[in-house]
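Residue numbers (this note's numbering), protein chains in the order written: chain A, 2 to 525; chain B, 88 to 421; chain C, 6 to 290.
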């Protein structure tokens with residue numbers, strides 16, 4: 002049976018491992034100290050920068066690859082990266098980027114044609130960040146008039162296009178094409194190899210363990226501004242929270258993710274060798290309410306729901322005050338978030354009042370949670386507790402994310418209510434409000450089946466307008482209307498508690514990269 | 088001769104059994120209430136994106152066609168593509184199989200090394216205090232939940248006393264892969280540091296896994312030894328003036344071991360089953376952890392691949408046990 | 006009545022078996038009287054966030070969990086879930102497996118071969134592996150755990166009854182009644198079944214223990230009833246995030262599983278010695 006042959010993939014891995022080990026031996030006495038090991042909660046199943054688009058595996062994208070622009074710091078700023086200039090036409094449809102001199106890890110130059118290939122690859126693979134560009138850029142419409150200029154032509158004006166440009170990670174066209182199989186855009190090959198120009202170049206990869214990369218000395222940005230930059234980085238998958246924490250305390254790891262349970266953060270804070278950095282992130286926790294189904298289509302019932310959640314008990318006790326109450330569907334630290342909205346509080350009397358105004362029988366309400374994400378289960382249990390007291394029967398259903406995300410797209414299957422997070426994919430209010438509550442996103446990214454003409458008009462105008470004042474005013478107003486409408490239960494905005502060894506210096510946090518862009522970091 | 092017939096018979100049944108297993112896993116994977124395609128398409132997928140993926144994974148075809156494709160695929164060593172990682176499942180499973188097998192082998196050796204002598208001791212000192220204590224250990228071994236034992240071990244040895252690593256198979260990347268068995272690979276490299284590290288990581292998961300198996304080994308060894316001691320042959324030998332100690336170690340043990348070997352298949356089954364949770368607790372990068380991660384991601388194809396390969400490993404193990412048994416049992420040979 | 010008295014007397018004489026019976030009775034009492042015995046019975050669905058993760062005390066015998074609920078009370082209610090799952094799953098698999106085994110054992114034709122082949126295929130894989138596949142596919146709930154356990158456990162009974170039936174049919178008195186023209190139904194119900202009942206009882210008892218372990222394993226893997234269910238396996242899984250500080254959170258449910266399974270195993274061993282001398286646990290009797 003073929004099953005028992007050593008597959009070419011494994012052989013290649015083994016060969017790569019051998020080569021890597023040779024390199025390691027060669028460098029071993031250079032210094033083991035310039036190496037940074039990060040314990041990552043989720044597995045790097047694939048290194049293909051166009052296949053995934055999540056925060057858990059952002060490190061392979063931003064360290065091995067470059068985009069034309071990049072998000073940096075907090076609050077996030079959009080800075081030029083591979084491109085050093087961008088011209089936008091007056092009609093807002095044409096974006097022309099000028100590239101700097103940069104080289105891929107194999108020494109070949111980064112050219113405009115590589116950027117074109119990359120966007121075409123995203124559009125063809127229809128994975129990862131594809132949805133950001135779907136309907137905005139047509140396949141074949143991106144041009145490279147010369148080696149240094151790339152021109153994007155949008156199908157309609159979009160105020161958020163620039164914000165999404167960092168997700169166009171540029172791959173080495175020649176190298177990927179050489180490894181294409183049956184027109185697969187090199188997906189199999191690129192899932193375990195590197196064709197980037199990023200600050201680090203892949204040395205070793207094992208989907209069960211993680212990946213290692215060495216500093217790329219010829220990176221276009223240079224290394225002068227970092228004193229003593231890292232020689233190599235390693236991102237290792239360590240699923241168990243306790244293992245990450247203990248490994249950090251033992252010195253096996255130098256950093257781990259910044260969204261640990263507060264009990265663990267406390268433990269790390271007490272350790273002299275660990276420095277816990279605190280930043281307000283942009284990742285809201287809320288409950289989607291199915292506005293399209295009775296009785297949730299009644300604003301009074303939605304208000305009853307919003308008044309039945311013990312915000313203080315959840316934030317102060319269960320999460321030990323590690324997050325900030327956020328009464329609106331936009332992170333409080335994002336522009337466009339109004340500062341004068343008080344939002345809902347835990348008030349069962351008011352909840353009962355609103356409940357009394359709801360007509361008809363109240364059926365059993367299904368509260369959805371994500372299996373394996375304790376917080377969502379705890380939030381659902383807490384809401385159940387409150388609703389019990391005003392006489393609303395509920396049932397909690399905890400299902401894995403894949404199941405839940407499937408149901409979220411289906412009006413019939415969608416839970417009455419579902420607790421989850423909404424992270425930053427690009428730092429623009431549209432990432433939250435526009436996607437969560439626009440009418441044309443219903444069934445795709447609007448999983449609330451919420452559609453209000455006035456809100457929709459505000460969001461649409463904000464998405465296409467280039468006038469920042471108009472955009473801000475629209476988002477502030479839309480936020481207030483959504484809260485008045487109790488479109489969802491808005492709970493908190495996450496804080497990031499990045500635990501790092503005290504030997505680590507120069508971590509730069511941004512909600513998009515989560516402090517995992519390693520080119521700024523050094524270690525003594 | 089009879090042993091040979093039995094073996095051939097087993098071999099003939101291997102194929103239909105695997106085929107039956109295939110049909111079972113296929114059936115299970117097609118009563119899915121959820122939509123894995125919607126998941127792999129990602130957080131923000133469009134309807135068009137989803138349709139394209141359905142075509143790619145062949146889930147748009149009629150069921151019998153899908154079943155046929157599935158069987159043909161598996162026969163060719165193609166377990167399908169992980170809905171989550173987009174990599175061939177057979178590759179993923181194969182690369183993780185050695186970790187599970189290594190753990191299971193070490194656990195089997197441990198359970199035999201501890202279980203057999205204790206079983207003999209218990210039998211020889213029948214109804215003594217020792218026998219009673221060992222019986223309690225035996226019964227506990229089969230009553231304790233493997234995942235709970237694993238957590239208790241971690242709590243005491245790794246967290247409280249810090250004498251063993253908490254999790255993982257090795258610090259860092261481990262030895263060069265020749266066999267996939269890290270203990271052997273590190274010996275090939277003659278790297279004692281890695282060997283020690285691998286062994287250190289092995290202690291807790293192997294002990295956890297060995298505990299219930301050891302209980303079973305002990306139980307059967309004790310029963311086997313008692314049967315043998317009570318047989319006429321032993322009386323005869325003793326009557327011939329051969330010291331009791333010699334009789335027990337030479338004759339009795341051999342007979343008792345035959346009984347234990349017969350149960351190896353059963354023991355292996357217990358090990359493999361417990362390996363799923365033990366690997367999950369210790370983050371041991373084997374098949375069990377792969378399965379648990381696939382559960383969290385609802386990667387049905389991967390879970391079916393895991394079920395199949397576990398079935399195959401188990402069936403092959405039992406086949407080997409039967410053959411071994413035929414070879415060492417004098418009653419079978421005649 | 007006479008046999009029952011005999012059984013009880015024998016059991017009382019076997020100290021470990023008696024201990025087993027005692028543990029099981031305790032489980033049953035706890036499951037039935039959970040609301041009376043619990044110190045905070047409302048904590049199955051009531052939460053007190055300010056009191057979370059408190060260590061064991063006079064008020065909370067086994068401490069509190071991540072929601073501030075009393076672990077002792079929740080363990081008692083968890084016993085109900087455990088008992089429900091195990092009893093229904095065993096009953097269903099016995100009801101499916103025993104008739105199949107009887108029929109396949111009694112007749113010697115292709116149907117009985119086919120039946121046994123199918124059960125062999127199921128038995129070719131460790132039960133937990135198939136149960137995981139099924140439970141995962143159907144989604145996490147008590148009903149699906151029961152279904153997964155039943156579907157994967159019946160072949161064991163079919164196999165057992167098949168073998169016992171085959172050997173019983175060789176007994177002279179059964180051969181005689183078949184020769185006298187007794188209907189197959191009559192032979193199976195009146196002669197075969199009573200003959201294999203003692204070994205069924207022993208296996209059921211031990212099977213209860215195994216089923217409880219498997220069910221807890223599914224719960225631990227997140228395939229059992231969802232939060233805030235007090236199911237034992239799930240509680241242990243929940244606790245891992247809070248170790249080593251909240252050790253009591255993991256200790257209590259694990260100990261509960263251990264004692265209950267131990268009870269069934271001890272009783273099963275004892276019953277085997279009394280009812281089924283052929284397969285005694287040891288030659289010394």
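Don't be surprised by glycine CBs; every beta carbon is placed ideally from N, CA and C.
Because the structure is a prediction, the values reported are computed rather than measured.
Chain C beta carbons: is any one of them nearer than 8 Å to that of residue i?
i, result
"residue 401(B)", "yes"
"residue 142(B)", "no"
"residue 308(B)", "no"
"residue 398(A)", "yes"
"residue 24(A)", "Only weak support exists for where residue 24(A) lies, its pLDDT of 37 falling under 50; the coordinates are left without a value."
"residue 262(A)", "yes"
"residue 364(B)", "yes"
"residue 360(B)", "yes"
"residue 169(B)", "no"
Give the interface partners of residue i over in chain C, defined as CB-CB distance under 9 Å, in chain order.
i, result
"residue 315(A)", "54"
"residue 234(B)", "221, 222, 225, 226, 238, 241, 242, 259"
List the residues of chain A that residue i touches, going by C-beta distances under 9 Å, in chain order.
i, result
"residue 50(C)", "382, 385, 386, 389"
"residue 103(B)", "Those within 9 Å of residue 103(B) in chain A number zero; the least Cβ separation is about 16 Å."
Using a Cβ cut-off of 8 Å, pull out every chain A residue sitting near residue i, in sequence order please.
i, result
"residue 380(B)", "44, 240"
"residue 57(C)", "318, 319"
"residue 372(B)", "209, 210"
Taking C-beta pairs closer than 8 Å, name the residues in chain C that residue i reaches, listed in chain order.
i, result
"residue 258(A)", "Ordered by position in chain C, no residue passes the 8 Å Cβ test against residue 258(A), which lies about 14 Å from the chain."
"residue 378(A)", "231, 232, 233"
On the premise that residue j lies in contact with residue i, defined as a C-beta separation below 8 Å, what is that separation, rounded to the nearest angstrom?
i, j, result
"residue 231(C)", "residue 145(C)", "5 Å"
"residue 354(B)", "residue 303(B)", "5 Å"
"residue 75(A)", "residue 511(A)", "6 Å"
"residue 441(B)", "residue 369(B)", "There is no way to answer for residue 441(B), as the model of chain B reaches only from 88 to 421."
"residue 397(A)", "residue 368(A)", "5 Å"
"residue 230(A)", "residue 439(A)", "In fact, because the Cβ distance is near 43 Å, the residues do not count as touching under 8 Å."
Determine, using beta carbons only, whether residue i comes closer than 8 Å to chain B.
i, result
"residue 525(A)", "no"
"residue 192(A)", "yes"
"residue 209(C)", "no"
"residue 404(A)", "yes"
"residue 29(A)", "Here residue 29(A) scores only 35 on pLDDT, less than 50, and its place in the model is too uncertain to base an answer on."
What does residue i reach in chain A if we use C-beta pairs closer than 7 Å?
i, result
"residue 68(C)", "Residues of chain A passing the Cβ test: none, with the nearest at roughly 14 Å."
"residue 385(B)", "401, 403, 404"
Which chain B residues sit within Cβ distance under 7 Å of residue i?
i, result
"residue 249(C)", "242, 246, 247"
Examine chain A for any beta-carbon lying closer than 8 Å to the beta-carbon of residue i, and answer yes or no.
i, result
"residue 273(B)", "no"
"residue 148(C)", "no"
"residue 258(B)", "yes"
Mind listing the chain C neighbours of residue i? Cutoff is C-beta to C-beta under 7 Å, in chain order.
i, result
"residue 229(B)", "270"
"residue 353(A)", "In chain order: nothing, as chain C lies at least about 18 Å away."
May I ask you to check if the CB of residue i is nearer than 7 Å to at least one heavy atom of the ligand GDP?
i, result
"residue 407(A)", "Looking at this structure, you won't find the ligand GDP or any other ligand, since it has none at all."
Original post:
Just checking, does the segment 273-288 of chain A make contact with the segment 339-351 of chain A on the three C-beta pairs under 8 Å criterion?
Top reply: no
**OP:** Would you list, in sequence order, the uninterrupted beta strand (DSSP E) runs of no fewer than 3 residues that lie entirely inside the segment 111-199 of chain A?
**Re:** 144-147, 150-154
**OP:** Could you tell me whether the segment 155-173 of chain A touches the segment 77-96 of chain A, where touching means 3 or more Cβ pairs closer than 8 Å?
**Re:** yes
Subject >> Any alpha helix (DSSP H) of 4 or more consecutive residues that is wholly inside the segment 278-321 of chain A >> reply: 300-308
Original post:
Does the segment 87-94 of chain A touch the segment 213-230 of chain A, meaning 3 or more C-beta pairs lie closer than 8 Å?
Top reply: no
**OP:** Determine contact between the segment 270-278 of chain C and the segment 249-258 of chain C, defined as no fewer than three beta-carbon pairs at a distance below 8 Å.
**Re:** no
**OP:** Examine the Cβ distances between the segment 222-238 of chain C and the segment 371-382 of chain B and report whether three or more of them are shorter than 8 Å.
**Re:** yes
Original post:
Three or more beta-carbon pairs under 8 Å between the segment 244-255 of chain B and the segment 164-180 of chain B, yes or no?
Top reply: no
Subject >> Segment contact, 8 Å Cβ cut-off, at least three pairs: the segment 104-121 of chain A with the segment 167-183 of chain A >> reply: yes
Original post:
Is there contact here, the segment 338-353 of chain B with the segment 308-320 of chain B, by at least three beta-carbon pairs under 8 Å?
Top reply: yes
Original post:
Does the segment 321-330 of chain A come close enough to the segment 486-503 of chain A that 3 or more CB-CB pairs lie under 8 Å?
Top reply: yes
**OP:** Decide yes or no for the touch test of the segment 261-268 of chain A against the segment 474-485 of chain A: beta carbon pairs closer than 8 Å, at least 3 of them.
**Re:** no
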